[in-house]
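In terms of my numbering, the sequence shown opens at residue 556 and continues consecutively.
The structure appears right after this line, and notes come after that.
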Amino acid sequence: MLRRALWLGLRRGLLGRELGTRRGGSTLDWDGKVSDIKKKIQSILPGGAWKPLYDTSHLPPEQADVVIVGGGVLGLSVAYWLKRLEKRRGAIRVLVVERDHTYSQASTVLSVGGIRQQFSLPENIQLSLFSAEFLRNINEYLAVVDDPPLDLQFNPSGYLFLASEKGAATMENNVKVQRQEGAKVCLMSPEQLRKKFPWINTEGVALASYGLENEGWFDPWCLLQGLRRKVQSMGVLFCQGEVTRFVSSSTHMETISGEEVTLKRIHEVQVKMDCSQEYQPVECAIVVNAAGAWSGQIAELAGVGKGLPGTLQGTKLPVEPRKRYVYLWHCPQGPGLEAPLVADLSGVYFRREGLSNNYLGGCSPAEEEPDPGNLEVDHDFFQEKVWPPLAWRVPAFETLKHHRLSSTLLLSRASCSHVWLVGKWTTVPEAQPDATHQEPSWTEHLRTGSFLVPTQKDCLCPSQ
C-alpha cells in the first residue's frame, strides 16, 4: 500500500511537470523558437534583410466597406454612428486611418473644449443640444464592459457673449432663435451684467447673452479616448498610416447646362504605413474625409478641384489650415469659479482653467493669417493683440503680465461659411466630405450619425 501511494505521488509530480512544460515550459517556448527560425532563415538565404515571416498585424485589411480618413473626434464619431446603426454586429467593416496616434497636432486635443448653443443657425443649435445630451449621458453611449467610466471634467459655467450698441439687435434676434430651438439663454443689461459678474468692465457693452444650461467646457482628450475605446469594442479597425492615393474609375456625362463632367468612383485607397516606405491598398465602397485642417489636401488627392476654374470640376473643397494660438496665464486676482467663457467685443475670449486662477484664451488675427507651416508660437501676439483687450475688460488681468506665460498651437480650419460639410461631393460620389466645424465650439460632431435621417439632412441648405 505504501509503495502504491509513493508511486501515485511520484506519478502526479511527473505528470504536473509534464503538463507545466507543455503549457509554458522552455521546451515549447514558441516565441523563442520563431525568433530562432527567423534568424536561421535570414542567415541562410541571400539578402539577409528579407523577412519571410514578417509580422503583418499592423497592416490595414485588404477590404473595407467604409474608410474614414482621420481619427479625431469627428472621424471617430462617424465610425461610432455607423456601427451603432448597423442592422447586425459586423455588418459594416469600418477602417479608420490616422497618421498621428499621438494627436500632437490634432485640433481635437488642442481646442479649448467648449460647447454652446448660442448660434444664429437653428441647425447648429439642434446639433449642440444633442451634443449636450450625449455628454451628459456619456457613459450610456460609450460604456465598455470591464472598463472604468468616463469623467469628462465638464464645467457647466456657460458662455457669455458681449455686444456693442451696433450688435445688440443681432444678438436679440439670435437669442430669439436659440430660445425657439429649446436653448436656455438669457439677455443681460450692463447693470445686470455688473451685478452678476462685478469683475467685468461694462464700458462699451450694450447687451450680453448668457447660457444658463448645457454650456461650458470639458476635457476633449478624455472624449477622444472614450470614443476610440468604444468604437474598438464595436469592431472598428484602426491603422496608423497616411492616405497618399485614391484609385478610381471614371464615367463621363453632360449636365443640363451642357457642361461635360467626369464622375469618378473611388474603389481603392492606398495607405503609406507609418515609419516605412510600404504601401497597403484597401478596397472600399465609401471614403469619409474627416482629416480636419488637412481635408482640402485629401480632397485634392481624390481629384476634387482639379478641373478648370469656374467649372463644377474645378470647385475645390473650401478647407485650409488656419493657425490659432491658445494662451495659458496665471492671475491670482482673476475671476473666480463662477466665471463663464467670455467672448469680448474685440474678438478676444478667455475661460477659467482648473481651480487655481489659471486661464486660457486668445483671439483670431484681424489682419494677415499666420503661416500654418510654421509651428512656432508668437508670444508678441499675446502682448500686442490679446492682453490689452483682456486687461480693459477685466481690470484684474492687469497683473497677469508679470506672471508666467505659455501657449500652444491650434490648427483650425475654415470654409466659405465656417460650418462643417455633410454629404457626397458632386464629382466624386463615393467621397463624403465631413471635414469642418464652427469654432470655437466643436462638439456638434457628435450628432454626425443623426444626419443619416433624410428629414434632418434636408434642413441643411446646400448654400451653407
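Heads up, the beta-carbon is just placed ideally off N, CA and C, and yes, glycines get one too.
Same chain, Cβ closer than 6 Å to residue 829, five either side skipped, listed in chain order: 795, 796
Excluding five sequence neighbours on each side, which residues of the same chain lie with their C-beta closer than 6 Å to the C-beta of residue 579? Caution applies to residue 579, whose pLDDT of 43 falls short of 50 and renders its modelled position unreliable; the model cannot decide the point.
Report the three-state DSSP secondary structure of residue 588 (helix, strand or coil). helix
Between the CA atoms of residue 835 and residue 614 - distance to the nearest angstrom: 7 Å
So, for residue 648: in the same chain, excluding its five sequence neighbours on each side, which residues have a beta-carbon less than 6 Å away from its beta-carbon? 619, 620
Alpha carbon to alpha carbon, how far is residue 509 from residue 745? Residue 509 lies beyond the range of the chain shown here (556 to 1019); nothing can be said about it.
Shortest alpha-carbon distance to residue 793 belongs to which of 653, 872, 948? 653
Beta-carbon proximity list for residue 1029, same chain, < 8 Å, skipping 5 on both sides: With the chain represented from 556 up to 1019, any question about residue 1029 goes unanswered, as that position is not in the structure.
For a quick check, are the C-beta atoms of residue 673 and residue 709 less than 8 Å apart? no
Alpha carbon to alpha carbon, how far is residue 858 from residue 822? 14 Å
Using DSSP with H/G/I as helix, E/B as strand and the rest coil, what is residue 776? helix
Using CA atoms only, rank isn't needed, just tell me which of 807, 767, 711, 699 is closest to residue 691. 711
Report yes if the CB atom of residue 860 is closer than 8 Å to the CB atom of residue 871, and no otherwise. yes
Taking only three categories from DSSP, how would you classify residue 709? coil
Is it buried or exposed, residue 705, if we count other Cβ atoms within 10 angstroms and call 16 or more buried? buried
With residue 756 and residue 942 assumed to form a contact (beta carbons below 8 Å), what rounded beta-carbon distance in angstroms separates them? At roughly 15 Å, the Cβ-Cβ gap does not stay under 8 Å, so residue 756 and residue 942 are not in contact.
Can you tell me whether residue 787 is helix, strand or coil according to DSSP? helix
Close-in-space but distant-in-sequence residues of the same chain around residue 739 (CB under 6 Å, 5 per side omitted): 767, 768
Closest by CA to residue 633, which one among 924, 926, 844, 932? 844
Between the Cα of residue 873 and those of 831, 853, 693, 788, spot the shortest distance and give me the residue it belongs to. 853
Are the CB atoms of residue 778 and residue 760 nearer to each other than 8 Å? no
Where in the stretch 655 to 701 do unbroken runs of the alpha helix (DSSP H), each at least 4 residues long, occur, reported from the N-terminal end onward? 662 to 665, 677 to 691, 693 to 697
DSSP three-state label for residue 954, please. helix
Starting from residue 807, follow its DSSP beta bridges and name the residues at the other end. 817
In angstroms, rounded to a whole number, what distance separates the CA positions of residue 629 and residue 775? 12 Å
Please go through the same chain and pick out, in chain order, the residues whose beta-carbon is closer than 7 Å to the beta-carbon of residue 788, but skip the five residues on each side of it. 699
Measure from the alpha carbon of residue 771 to the alpha carbon of each residue in 758, 955, 917, 896, then state which is nearest. 896
Buried/exposed call for residue 910, threshold 16 Cβ in 10 Å: exposed
Rounded C-beta distance between residue 624 and residue 675? I'm assuming under 8 Å. About 30 Å; that fails the 8 Å criterion.
Could you work out which residue in 808, 590, 918 is closest to residue 898 when comparing CA atoms only? 918
In whole angstroms, what is the alpha-carbon distance linking residue 923 and residue 701? 51 Å
Could you name the residues that DSSP lists as bridge partners for residue 796? 828
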